[in-house]
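Protein chains in written order, with the working numbering: chain A, 21 to 357; chain G, 64 to 381.
Data first, discussion second: the structure below is written as C-alpha cells.
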C-alpha cells in the first residue's frame with residue numbers, strides 16, 4: 021500500500037516536471053523567435069522597411085484578434101441562424117431567437133440575467149462608493165481597503181465555494197455549519213429554509229457573491245477619482261455656500277460621474293459574462309440559471325449549437341450599447357488631448 | 064492615461080486632504096466607523112470560515128460549526144494531505160497535478176500575451192501609419208465582445224480546421240489534450256485589454272528620447288527593446304498581475320478548451336467537479352478551495368500596489 025502510494029507520487033512528480041519543462045521550452049522558443057525576427061528585420065533596408073516594421077509589430081496581435089474574436093463572432097451569428105446539428109444544419113432563420121424569447125424556461129433565464137444586470141452593478145458600485153467616502157478618515161484605512169479588495173484576487177469558483185459554505189443547510193434539529201443559518205437562528209428564526217433551493221431568494225444570494233467580489237474594485241477606482249477632484253471646484257462651491265452632504269451630492273458626485281459610469285459598465289460587462297458562480301453553486305438549477313451558463317449547457321452539454329449561438333448573440337446585443345458608449349467616451353477624451 | 068493615473072496618485076495627498084475635509088465632517092460619526100468595521104468583518108468572515116474549516120478534523124466538521132473553535136480549538140493538517148496527494152473519499156489522485164496544470168497554463172499565457180501586446184501598442188503609438196487610430200479603436204471595442212461569442216467557432220477551428228466546401232484551407236490541428244489551445248485562446252482573449260492598457264502607457268512616453276535615438280540611427284526594433292520596454296516596466300508589471308489573476312481564476316476558457324482531459328485541466332476546473340463529488344465533506348472541499356486561493360492571494364498581496372495602478376489606468380477618466 022505504502023509502496024504503491026510512493027509509486028503514484030513519483031510518477032506524478034515526473035509528469036509534473038515534464039509539463040514544467042514543456043512550458044519553459046515553449047516560452048524560450050517564443051522569445052527566441054521574436055528576437056530573431058527583430059534582428060533579421062532590423063537589417064532590412066529600402067522600400068519594404070517600413071511596411072515590414074509595421075507588420076512585425078502590429079501583425080501578430082491583429083491576426084490573433086481576427087482569428088480569435090472577429091471571425092468567430094460572425095461565425096456565431098451564422099450558426100445562430102441554423103439548426104441543432106452543426107455538420108449539415110438546416111437554415112432556420114430567426115427561429116432560435118423566437119425560441120429564446122418564447123420558451124418559458126429560457127424566458128426565466130433572460131429575466132434572471134436582466135435582474136443580475138441591474139442589481140449586482142448598482143449595489144457593488146453603491147457600496148464601493150460609500151466605503152470610498154467613509155473610509156478615508158479612518159486610521160487603519162489601508163487594512164480595511166485591502167480586506168475589502170481581497171475578493172478580487174479570489175477566483176469566482178473559489179468565491180462560490182466560500183459562499184456555498186456560508187449558505188449550507190442542515191435540518192434545524194442538528195448543529196448548524198452554515199453561517200447564515202446560524203445567524204438567523206440566533207436572531208430568532210427557528211426554522212430557516214434551505215437557502216439555495218428557495219426561489220427567488222437564491223438568485224439574490226448568488227448576486228451577493230458577485231457584489232462581494234466587485235465592491236473592492238468599485239471602491240479603489242472611485243476613491244482615486246474622488247481624490248483627483250480639483251480643489252478649486254470644491255472651494256468655489258464652498259464660497260457659494262455648499263456644505264457637508266450637499267457639497268457631496270451636488271459637487272463631488274457630478275465631478276466623478278464619468279468614473280462612476282465606467283465602474284458601472286465594467287461591472288455590468290463582468291456580470292453579463294458571469295458563468296462560474298451559477299455553475300459552481302447551483303449548476304443553473306432551482307430557477308437560478310443565467311444566459312451565459314445556459315449558453316454553455318445548450319452548446320456543449322445538449323449539443324444544440326444553434327440555440328447556444330443564439331444565446332451568445334443575445335448576450336452580445338446586451339453589451340452593444342455599452343461598447344458604443346465607451347468608444348464615444350474614448351473619442352471625446354482623445355479629442356481633448 | 065496610465066501616466067495620468069500615476070500622477071494623480073502622486074498629487075493626491077495635497078489635493079485630496081483639503082478637498083474632502085468638509086465632506087468628511089458630514090460623514091464622520093461613530094456610526095460611520097461602526098458601519099465600516101461591520102462591513103469589513105462581513106467581507107472577511109466567509110473566507111475565515113473557509114480557512115478554519117479546512118484545518119478541522121472531519122468529525123468536528125460534521126458535528127459543529129466552524130465558529131465553535133473559539134471554545135474547542137482542535138486543528139489538523141490531514142485534510143490538506145488528503146486533497147493534495149490522495150484525492151479523498153475514493154477519488155484517485157490528488158490536486159497536485161492540477162496545481163501544476165494551472166501554473167503551466169498561466170505562465171505562458173501571461174508572458175506571451177504581454178509580449179504581443181507591447182509590440183502592438185508600440186506599433187500603434189509610435190510607428191504611426193494610415194488607419195492606426197481606427198485599428199486602436201477597433202481593438203478597444205473588442206474588449207467588450209463576450210467570450211461566449213467565439214467559443215464554439217474557435218473550438219471547431221482547432222478541431223476541424225477550415226474548409227470551403229470540401230477544400231481544406233487550414234488543416235485540423237489535433238491539439239486536443241494539449242495546452243496549446245488554452246494558451247492561444249487566453250492570448251486572444253487577453254489582447255484587447257492588454258493592447259489598450261499598454262498603448263495608454265507607451266503612447267505617453269517622452270517623444271524626444273525616441274527622436275534622439277532615431278537621429279542616432281537606431282531602428283524601431285532597437286528603440287522598442289532598449290528604450291520603450293525598460294521605461295514601461297511599471298505598466299508591464301501591472302498588466303502581468305492582471306493577466307496572471309485572470310488566467311489563474313478562469314473557468315470558462317479552461318472548461319471549453321481543456322475540458323474533459325485531466326491532463327491539462329486547471330485547478331478551477333477540478334474544484335468545480337469536486338463541489339459535486341465531495342458533497343458534504345466540507346473539510347476536504349474547503350482545503351481544496353484554499354489551495355486554489357493561496358497562490359493568487361500571495362501574488363495579490365505582494366504586488367497590490369501595481370495591481371491597483373493597473374486598475375486605475377484602465378478606468379479612471381476625468
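Ideal Cβ positions, reconstructed from N, Cα and C, are used throughout, including at glycine.
The structure presented is a predicted model; accordingly, all values stated were derived computationally and were not measured.
Handout entry: Environment of residue 163 of chain A [buried if 16+ CB atoms lie within 10 Å]
Key = exposed
Problem - Classification of residue 33 of chain A by the beta-carbon crowding that lies within 10 angstroms, buried from 16 upward - result: exposed
Practice task
Measure the C-alpha to C-alpha separation of residue 101 of chain G and residue 95 of chain G and round it to an integer number of angstroms.
Solution key: 10 Å
Practice task
Quick one: list the residues of chain G neighbouring residue 62 of chain A, beta-carbon separation under 9 Å, in chain order.
Solution key: 282, 283, 284, 285
Exercise for the section: Quick one: residues in its chain with C-beta nearer than 7 Å to the C-beta of residue 351 of chain A, no 5 flanking neighbours on either side, listed in chain order? Expected result: none
Handout entry: Residues, ordered as in the chain, of the segment 296-329 of chain A that lie near chain G by beta-carbon distance below 9 Å
Key = 296, 299, 300, 301, 303, 311, 312, 315, 316, 319, 320, 325, 328, 329
Problem - Listed by chain order, chain A residues near residue 221 of chain G by CB distance under 9 Å - result: Neighbours of residue 221 of chain G on chain A: none; closest Cβ ~10 Å, over 9 Å.
Exercise for the section: Could you tell me how far apart the beta carbons of residue 164 of chain G and residue 327 of chain G are, in whole angstroms, since I believe they sit closer than 8 Å? Expected result: 6 Å
Problem - Three-pair Cβ contact test at 8 Å for the segment 110-126 of chain A versus the segment 88-101 of chain A - result: yes
Handout entry: Per-residue burial, residue 382 of chain G [other beta carbons within 10 Å of its own, 16 or more giving buried]
Key = Since the first residue of chain G shown is 64 and the last is 381, residue 382 of chain G is not available in this structure.
Problem - Which listed residue (G:310, G:369, G:298, G:316) has its alpha carbon closest to that of residue 181 of chain G - result: G:298
Practice task
Check the Cβ of residue 50 of chain A against every Cβ in chain G and list those closer than 9 Å, keeping chain order.
Solution key: 171, 174, 175, 178
Exercise for the section: Give a single yes or no on whether residue 210 of chain G has its beta carbon closer than 6 Å to a heavy atom of the ligand PLP. Expected result: The ligand content of the structure shown is nil, which means the ligand PLP is not present either.
Practice task
Could you round the C-beta distance between residue 8 of chain A and residue 254 of chain A to whole angstroms and report it? I think they count as a contact, below 8 Å.
Solution key: Within the shown structure, residues of chain A are numbered from 21 to 357, placing residue 8 of chain A beyond reach of any answer.
Practice task
With residue 251 of chain G as the anchor, note down where its alpha helix (DSSP H) starts and where it stops.
Solution key: 243-265
Exercise for the section: Tell me whether residue 135 of chain G sits in a helix, a strand or coil according to DSSP, three-state version. Expected result: coil
Handout entry: Option nearest residue 204 of chain G by Cα separation, candidates A:265, A:286, A:155, A:318
Key = A:286
Problem - residue 223 of chain A - containing alpha helix (DSSP H), residue span - result: 221-247
Exercise for the section: Measure the CB-CB distance between residue 226 of chain A and residue 308 of chain A and report whether it falls below 7 Å. Expected result: yes
Exercise for the section: Please list, in chain order, all residues of the same chain as residue 153 of chain G whose beta carbon is under 8 Å from its beta carbon, the five residues on each side excluded. Expected result: Residue confidence for residue 153 of chain G is low, a pLDDT of 49 falling below 50, so the modelled location carries little weight; the figure read from the coordinates is stated next. None.
Practice task
Could you work out which residue in A:62, A:190, A:293, A:135 is closest to residue 211 of chain A when comparing CA atoms only?
Solution key: A:190
Exercise for the section: Would you mind working out which of A:222, A:43, A:288 sits nearest residue 174 of chain G, comparing C-alpha positions? Expected result: A:43
Practice task
Buried or exposed for residue 65 of chain A, please, with buried defined as at least 16 other CB atoms from any protein chain shown within 10 angstroms of its CB.
Solution key: exposed
Problem - Paired residues, beta bridge with residue 115 of chain G - DSSP - result: None, per the DSSP bridge assignment.
Exercise for the section: Return the chain-ordered ranges of every beta strand (DSSP E) run that is complete within the segment 137-215 of chain G and spans a minimum of 3 residues. Expected result: none
Problem - Helix, strand or coil at residue 102 of chain A [DSSP, three-state] - result: strand
Practice task
Verify the CB distance criterion: does residue 312 of chain G have a CB-CB separation below 7 Å to chain A?
Solution key: yes
Problem - In DSSP terms, what residue 111 of chain A is bridged to - result: A:102
Practice task
With DSSP as the reference, label residue 54 of chain A as helix, strand or coil.
Solution key: helix
Practice task
Could you tell me the distance, in whole angstroms, from the CA atom of residue 303 of chain G to the CA atom of residue 185 of chain G?
Solution key: 17 Å
Handout entry: Buried versus exposed, by CB contacts within 10 Å (16 or more), residue 262 of chain A
Key = buried
Handout entry: Cut-off 6 Å between Cβ atoms - residues of its own chain near residue 133 of chain A, not counting five sequence neighbours on either side
Key = 310, 311
Practice task
Output the boundary residues of the alpha helix (DSSP H) element that contains residue 311 of chain G.
Solution key: 296-312
Handout entry: Distance between beta carbons of residue 171 of chain G and residue 106 of chain G, contact taken as under 8 Å
Key = With 8 Å as the limit, residue 106 of chain G and residue 171 of chain G do not qualify as a contact, their Cβ atoms being about 34 Å apart.
Handout entry: Distance CB(residue 330 of chain G)-CB(residue 162 of chain G) smaller than 7 Å
Key = yes
Problem - Segment contact flag, the segment 168-180 of chain A with the segment 306-316 of chain G, C-beta cutoff 8 Å, min 3 pairs - result: yes
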